[in-house]
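Remarks on the structure that follows.
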Amino acid sequence: MTDLVLSEMREHVAILTLNRPDKLNALSYALIDRLLSLLDLIETDDGVRAVILTGAGERAFSAGADIREFSSSVAEGTDAALRDFVMRGQRLTARLEAFRKPVIAAVNGLAIGGGCEITEAVPLAIASDRALFAKPEIKLAMPPTFGGTQRLPRLAGRKRALELLLTGDAFSPARALELGLVNKVVPHARLMPAALDLARRITAHSQAAVASILTAVTRGLNQSIAEGLLVEAEQFARMAPTAHLREGLDAWMERRQPAYDGHGQTGRGTRRQTGRARANPL
Ligand code: COA
0 MTDLVLSEMR EHVAILTLNR PDKLNALSYA LIDRLLSLLD LIETDDGVRA VILTGAGERA
60 FSAGADIREF SSSVAEGTDA ALRDFVMRGQ RLTARLEAFR KPVIAAVNGL AIGGGCEITE
120 AVPLAIASDR ALFAKPEIKL AMPPTFGGTQ RLPRLAGRKR ALELLLTGDA FSPARALELG
180 LVNKVVPHAR LMPAALDLAR RITAHSQAAV ASILTAVTRG LNQSIAEGLL VEAEQFARMA
240 PTAHLREGLD AWMERRQPAY DGHGQTGRGT RRQTGRARAN PL
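Residue numbers (numbering that gives the first Met the number 0): 0 to 281.
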């Protein structure tokens, strides 16, 4: 049986590829379940420090939820559709959004419906200049269901999001960049190198500190500033007793590059003299 999500390690980066190219990588229930179970494995694997998510084939990142499949759930009744379709998709986007390792969407082509919602949910995204985005659910007489009515307005603002949600019009990678949906747009051939480069620039840092920043930003964004500041303080308090923070501070004071190992477990950090140059803060 074809693996619905391909998984490959490149150094400390897991590359996950949605793999139904003949269906434009539509998100079937089985594909979503497979992706969720891979994320479970990755989360507890200290050898993986970042994830890149992309789509197989020439055309699509993902053309969204599998319409034939969820159409059957709708025919079964509202409860079945909520349980099997809506909750499953929301579980996926919420998991990607709150993942404690950086997830970078490498949007290689069509990112439609659920494909666009995945891009909205992940913390970082790079688009190929061949990508094309759309929120076409209105054309099926339904609202988006994998978080698309909630995250895009927070990213792009209410009126800009509503125009896309209510018209279903496709939009370019350049527009996605303007809306804050992607971090940058690169020539198609540069997509994976750019995603890997971004991953490496993050994974060079303390994995525990990366997780604490991801958590503080994602949880804080959905709360008041006062509650968000508490989350920030809580994340600092988690880092304070770790060997990583000690190493980061010591390395700065000793004018050397920090060397992290043990991924932030208290008392396990080691020191390494790597020269006299203080890590350049810029
Ligand atoms: N669900 C299920 N199958 C899908 C799909 C989806 N969201 N998107 C594409 N596919 C399948 C098609 O059924 C087709 O398979 P088939 O040949 O076995 O029928 C294959 O992928 C290729 O798509 P096709 O529609 O033939 O390509 P196209 O170039 O004519 O059109 C799109 C491309 C993206 C415009 C069109 O596929 C489309 O409208 N897809 C649905 C997008 C959508 O509304 N997503 C949100 C769902 S909530």
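Ideal Cβ positions, reconstructed from N, Cα and C, are used throughout, including at glycine.
{"Asked": "Mapping DSSP to helix, strand and coil, what is Val54?", "Found": "This sequence places Gly at residue 54; Val is not what is there. Looking at Gly54 - three-state DSSP - the assignment turns out to be strand."}
{"Asked": "Only counting the same chain, and skipping five residues up and downstream in sequence, which positions put a Cβ closer than 6 Å to that of Leu176?", "Found": "Val184"}
{"Asked": "In three-state DSSP terms, what is Lys183?", "Found": "strand"}
{"Asked": "What's the call for Asn221, buried or exposed, on a 16-neighbour Cβ count within 10 Å?", "Found": "exposed"}
{"Asked": "Per DSSP, which residues does Met141 bridge with? Please list them.", "Found": "Answer is none; Met141 lacks a bridge partner."}
{"Asked": "Would Val121 pass as a contact of Ala104 if the rule is Cβ separation under 8 Å?", "Found": "yes"}
{"Asked": "Measure the alpha-carbon distance for Leu139 versus Thr1 and round it to whole angstroms.", "Found": "29 Å"}
{"Asked": "CB-CB under 7 Å to Ala208, same chain, minus the five flanking residues each way: which ones, in chain order?", "Found": "Met238, His243"}
{"Asked": "Counting only runs of 4+ residues fully inside the stretch 204-256, write out the alpha helix (DSSP H) ranges in chain order.", "Found": "206-220, 224-238, 242-252"}
{"Asked": "Would you say Glu233 touches the ligand COA, meaning its beta carbon is less than 7 Å from a heavy atom?", "Found": "no"}
{"Asked": "Kindly give me the distance between the Cβ atoms of Leu35 and Arg90, rounded to whole angstroms, as I take these residues to be in contact under 8 Å.", "Found": "7 Å"}
{"Asked": "Report the partner residues of Met8 according to the DSSP bridge assignment.", "Found": "Ala13"}
{"Asked": "For the 8 Å Cβ check, are there 3 or more pairs between the stretch 215-234 and the stretch 196-206?", "Found": "no"}
{"Asked": "Quick one: using the 10 Å Cβ neighbour count with 16 as the cut-off for buried, is Phe69 buried or exposed?", "Found": "buried"}
{"Asked": "Pull up the CB-CB distance for Phe60 and Val106, whole angstroms please, since I reckon it's below 8 Å.", "Found": "5 Å"}
{"Asked": "Counting beta carbon pairs with one atom in the stretch 77-88 and one in the stretch 41-56, are three or more of them shorter than 8 Å?", "Found": "no"}
{"Asked": "Pick helix, strand or coil for Leu109, following the three-state DSSP scheme.", "Found": "strand"}
{"Asked": "Under 8 Å, do Leu180 and Ala203 count as touching if we go by C-beta distance?", "Found": "no"}
{"Asked": "Looking at Ala140 and the ligand COA, is the gap between the Cβ and the nearest heavy atom below 7 Å?", "Found": "no"}
{"Asked": "Do Lys134 and Gly114 have their C-beta atoms closer together than 8 Å?", "Found": "no"}
{"Asked": "Considering Leu40, what are the terminal residues of the alpha helix (DSSP H) in which it resides?", "Found": "28-42"}
{"Asked": "Using the Cα positions of Ala25 and Arg94, report the straight-line distance between them to the nearest angstrom.", "Found": "19 Å"}
{"Asked": "For the ligand COA, is there a heavy atom less than 7 Å away from the beta-carbon of Glu119?", "Found": "no"}
{"Asked": "Enumerate in chain order the residues of its own chain whose CB-to-CB distance from Gly247 is below 6 Å, with the five nearest sequence positions on each side excluded.", "Found": "Pro257"}
{"Asked": "For Leu131, which beta-bridge partners are listed by DSSP?", "Found": "Leu109"}
{"Asked": "Under the criterion of a Cβ to heavy atom distance below 7 Å, does Phe54 qualify as lining the ligand COA?", "Found": "Residue 54 is actually Gly in this sequence, not Phe. No."}
{"Asked": "Buried or exposed for Asp65, please, with buried defined as at least 16 other CB atoms from any protein chain shown within 10 angstroms of its CB.", "Found": "buried"}
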